[in-house]
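Residue numbers (my numbering): 1125 to 1392. Below: the structure, in structure tokens.
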Ligand SMILES: [Zn+2]
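Written out as structure tokens, the structure is:
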């Protein structure tokens, strides 16, 4: 049995009362080809309340397909929940003109804290020239870039991540899914570059991985996420809470690192 006040709170109440959670990798809305029962803003907030999640940062599903409509929708939803819901602007490298216009339009938007890239879905490498304007924009404003990463990918593997991290030290990169399948290499990148963080969506379910990340990279370089509304936060939180790590590490992963990263942005 894990001897931890946080674990005890979680098992007894379904929430970590002393450690309200911050989810750095959320989405919003329905998604083609799969049914997600709790995807409206009200349903998502009810899920957050039930699971003790204080704050999330989302990119809209619609924005992954249609940046103009989807980003506008995401930003207008987050505006309604100040202090609770922040947004990533999705940048699609195939639509540079629309992307540039949106970066300018939403530059000072109060809930925007960073950009979301999905190189795999958009079939374009993270290191490609078309991402440059977005990365330069993020660097100039010291924004967060949450990028999808995955192992053995021609678009967003550990080598791509290392290249952009090296080129843009002012950008805080969250490695979505921690290059799932190439975890060791991703951990090396996160250890080498101060501006790269491991993000846990889907990776949390790999047995023993959280312990290994804490041991080799450090709890201060890991952030929590669970792709809401794809997955239930309780499962993901449980994986961190029941991992064989210290309560200090649990707090760092579930809350403190995200808070530090968000406070480093000018808007939070
Ligand atoms: Zn995602």
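No residue lacks a Cβ here, since even glycine has one placed at the ideal position from N, Cα and C.
With a cut-off of 6 Å, the C-beta of residue 1147 is classified as distant from ligand 1, since no heavy atom of the ligand falls inside that distance. In the three-state DSSP reduction, residue 1299 falls in the strand class (E or B). In this structure, the straight-line span from the alpha carbon of residue 1212 to that of residue 1189 is close to 15 Å. Shown here, residue 1355 sits in coil according to DSSP, grouped into three states, outside any helix or strand. Not one heavy atom of ligand 1 lies closer than 6 Å to the C-beta of residue 1356. The residues 1303, 1306, 1309, 1310, 1313, in chain order, have a CB closer than 6 Å to that of residue 1282 in the same chain once the five nearest residues on each side in sequence are set aside. Assignment of residue 1361 by DSSP, reduced to helix, strand and coil, places it in the helix class. The beta carbons of residue 1273 and residue 1285 sit about 6 Å from each other, so the pair counts as a contact at 8 Å.
Fully enclosed alpha helix (DSSP H) runs of no fewer than 4 residues are not present anywhere in the stretch 1311-1336. For residue 1149, the enclosing beta strand (DSSP E) starts and ends at 1145-1150. For the 7 Å CB-CB criterion, residue 1192 and residue 1238 do not form a contact.
Proximity of the beta carbon of residue 1371 to ligand 1 is not indicated: no heavy atom of the ligand is located closer than 6 Å.
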